[in-house]
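The structure appears right after this line, and notes come after that.
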Amino acid sequence: MPVGHVLSRFRLREFNRNVRLFFAFGTSINAGMALFSLLYNLYLLRLSYQEDFIGQVASMAPLASGLLALPTGILSDRLGRKPFLIASGLLLAISQLGLCLTTSPGALLAFSFVGGVAMAFVWVNHVPFLSDNAHPARRAEALAIWSALQIVVRMLLSLIGGFMPGVMGYFLGLSTEVPEPFRYALFFGAACSLIAVVPLLYASGQTHREKAPAPTRRRPEHAEARKSPDETEPMASPWRVFAAITALSGTRGFSMGLTYPFFNVFFEAELGVGPAAIGAIFFLSQLAGLPATFAAPTLVRRFGPTLTILPSRIMGGSALGIMGAFISLPLAIPMFLLVRIGEVIDNPSAQHFSTQVLPRRFWARIQGLRVCGFQLLNFLGSLIGGILILDYGYGAVFGLACASRIASGLIMAAFFGLRPARSLATER
Numbered sequence: 000m001p002v003g004h005v006l007s008r009f010r011l012r013e014f015n016r017n018v019r020l021f022f023a024f025g026t027s028i029n030a031g032m033a034l035f036s037l038l039y040n041l042y043l044l045r046l047s048y049q050e051d052f053i054g055q056v057a058s059m060a061p062l063a064s065g066l067l068a069l070p071t072g073i074l075s076d077r078l079g080r081k082p083f084l085i086a087s088g089l090l091l092a093i094s095q096l097g098l099c100l101t102t103s104p105g106a107l108l109a110f111s112f113v114g115g116v117a118m119a120f121v122w123v124n125h126v127p128f129l130s131d132n133a134h135p136a137r138r139a140e141a142l143a144i145w146s147a148l149q150i151v152v153r154m155l156l157s158l159i160g161g162f163m164p165g166v167m168g169y170f171l172g173l174s175t176e177v178p179e180p181f182r183y184a185l186f187f188g189a190a191c192s193l194i195a196v197v198p199l200l201y202a203s204g205q206t207h208r209e210k211a212p213a214p215t216r217r218r219p220e221h222a223e224a225r226k227s228p229d230e231t232e233p234m235a236s237p238w239r240v241f242a243a244i245t246a247l248s249g250t251r252g253f254s255m256g257l258t259y260p261f262f263n264v265f266f267e268a269e270l271g272v273g274p275a276a277i278g279a280i281f282f283l284s285q286l287a288g289l290p291a292t293f294a295a296p297t298l299v300r301r302f303g304p305t306l307t308i309l310p311s312r313i314m315g316g317s318a319l320g321i322m323g324a325f326i327s328l329p330l331a332i333p334m335f336l337l338v339r340i341g342e343v344i345d346n347p348s349a350q351h352f353s354t355q356v357l358p359r360r361f362w363a364r365i366q367g368l369r370v371c372g373f374q375l376l377n378f379l380g381s382l383i384g385g386i387l388i389l390d391y392g393y394g395a396v397f398g399l400a401c402a403s404r405i406a407s408g409l410i411m412a413a414f415f416g417l418r419p420a421r422s423l424a425t426e427r
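When we follow numbering that gives the first Met the number 0, the leftmost residue of the sequence shown carries the number 0, and every step to the right adds one.
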């Protein structure tokens, strides 16, 4: 089934102008990030850097995001989301150009940190921006479409990007064993990040929600269950919720820091896979995750957030453990696909959940704490991961990531319980 036909089910034209412009922003900025996720660590390998330094470079972005997430959330509540989102595209383009144009360790770390500042602006503000502008009845759809756009764009750019160093090498008359073909391919990613700013220049700075969908008849006892957190009495002490969200996001971030910066290096250095084949593997992982993204809102409505997120984290964590225990390409590919499927169910479900547990006035702050916890532990995971890989191999790193991923789901179950999503809005 064509992707366009699937997306038509979400009635994109019925979203207001701000939401549609934000989707255009997301398409371009995710294209730039996808190319860097696929190729940049392979570029560093060709600059003769090893996993320990690759981990250090990868750790700078989550460090910056973690440090700035909460201040960004507080400021965006006062200044609005749009200025931060525009700044994110500009800073990300500067960071990516710097990462391509310099080779000194200190400069690489500094430009990676700048990229992390840009990502803090995106990750803290994208959920509040969509929630501000989409009607409450369609927030879950808007977040699912955002996740689907990430998958579709990253899927296509992974497939195309895997061939780009070879194409650049052909025109430059160089082998893909040297850095230059990768550098020129990465320039295209920086251009995509810069172009992402353009749609937001036409977005209104005010909140504009589309009209509510046509009402349907429902039994009276469901009326209270359908209230948003804005319509219910807020919790007496939001700090317990803040602490729980930060903890479960942090353990998930630690798991991803241990693994995501190194997947492409793992396939090339450990399993002998070339850039084009790595791009194809990343493409397959995104393709496998696409149906799961569209299923995520339905799963949350049917089973509730915990019973959607907990199994996805158990599945993803177990797949990581198997990848580390058995270093084999035929086994690594399907396990990598399972990791991705779990993640694309998890991510939009967790984002939507963060808008349900507290009233609207807390959204940017709770998103800031989510990003802060996730990114600071992601930073730690990237640092530790590179060192552990050199000393103990990928088995130790993937095993630790497995334990951390599963622990994050158990923390959510322990704090919020195995209960339907609608009970969160009524127990105030």
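Idealized CB from N, CA, C, for every residue including glycine.
- Taking Pro164 as the reference, give the member of Phe187, Val151, Arg251 with the closest Cα. Phe187
- State yes or no: is the C-beta of Pro61 within less than 8 Å of the C-beta of Ser403? no
- CB of Leu306 within 8 Å of CB of Leu417, strictly: yes
- Query: Residue ranges of each alpha helix (DSSP H) run of no fewer than 4 residues wholly in the stretch 138 to 185, ordered along the chain?
  - Reply: 138 to 171
- Item | Through-space distance from Met255 to Ser407, alpha-carbon basis | 11 Å
- Message: Which of the three DSSP states is assigned to Gly288 in this structure?
- Response: helix
- Task: Decide yes or no for the touch test of the stretch 81 to 93 against the stretch 101 to 121: beta carbon pairs closer than 8 Å, at least 3 of them.
- Result: yes
- Task: State the Cα-Cα distance for the pair Pro233 and Leu107, rounded to the nearest angstrom.
- Result: The predicted model places Pro233 with a pLDDT of 45, which falls under 50 and marks its position as unreliable; any figure quoted below should be read in that light. Whole-angstrom Cα-Cα distance: 45 Å.
- To the nearest angstrom, how far is it from the Cα of Ala275 to the Cα of Phe281? 10 Å
- Message: According to DSSP, simplified to helix, strand and coil, what is Ser327?
- Response: coil
- Please name the residue in Gly398, Gln285, Phe253 whose C-alpha comes closest to that of Ser317. Gly398
- Message: Taking the alpha carbon of Leu309 as the reference point, which residue from Arg19, Leu247, Val356 has its own alpha carbon closest?
- Response: Leu247
- Item | Beta-carbon separation (whole angstroms), Pro296 vs Ala147, contact threshold 8 Å | With a Cβ gap of about 11 Å, Pro296 and Ala147 do not count as contacting.
- Can you list, in chain order, the residues of its chain whose CB lies under 8 Å from that of Ile443, leaving out five sequence neighbours each side? The structure shown has nothing for residue 443, since the chain only spans 0 to 427.
- What's the C-alpha gap between Gly320 and Arg16? 44 Å
- So, are the CB atoms of Leu156 and Ala141 less than 8 Å apart? no
- Message: Buried or exposed, going by whether 16 or more other CB atoms sit within 10 Å of the CB of Tyr201?
- Response: exposed
- Report the rounded CA-to-CA distance for Met411 versus Gly273, giving the unit in angstroms. 39 Å
- Task: Could you tell me which uninterrupted alpha helix (DSSP H) segments, each at least 4 residues in length, are contained entirely in the stretch 20 to 61, listed from first to last along the chain?
- Result: none
- Query: Between Gly271 and Phe181, what straight-line distance do the alpha-carbon atoms span, to the nearest angstrom?
  - Reply: 18 Å
- Query: For the 8 Å Cβ check, are there 3 or more pairs between the stretch 47 to 63 and the stretch 372 to 379?
  - Reply: yes
- Start-to-end residues for the alpha helix (DSSP H) that takes in Ser203: Counting along the chain, Ser203 falls outside any alpha helix (DSSP H), and DSSP gives it neither H nor E.
- Query: When DSSP labels each residue in this structure, what does His221 get in the three-state scheme?
  - Reply: Because His221 carries a pLDDT of 43, less than 50, the predicted location of this residue cannot be relied on, and no value is offered for it.
- Counting pairs of Cβ atoms below 8 Å between the stretch 40 to 52 and the stretch 167 to 182, do you hit three or more? yes
- Thinking C-alpha only, which one of Ser36, Ile388, Leu98, Ala400 is nearest Glu50? Ile388
- Reduced DSSP secondary structure (H/G/I, E/B, other) of Gly367: helix
- Item | Separation of Phe352 from Val166, as counted between CA atoms | 43 Å
- Query: How about Arg364 and Gly72: are their beta carbons less than 8 Å apart?
  - Reply: yes
- Query: To the nearest angstrom, how far is it from the Cα of His134 to the Cα of Val18?
  - Reply: 10 Å
- To the nearest angstrom, how far is it from the Cα of Gly115 to the Cα of Leu171? 32 Å
- Expected contact under 8 Å - CB spacing of Gly394 and Gly252 to nearest Å: Gly394 to Gly252, Cβ: 21 Å. No contact.
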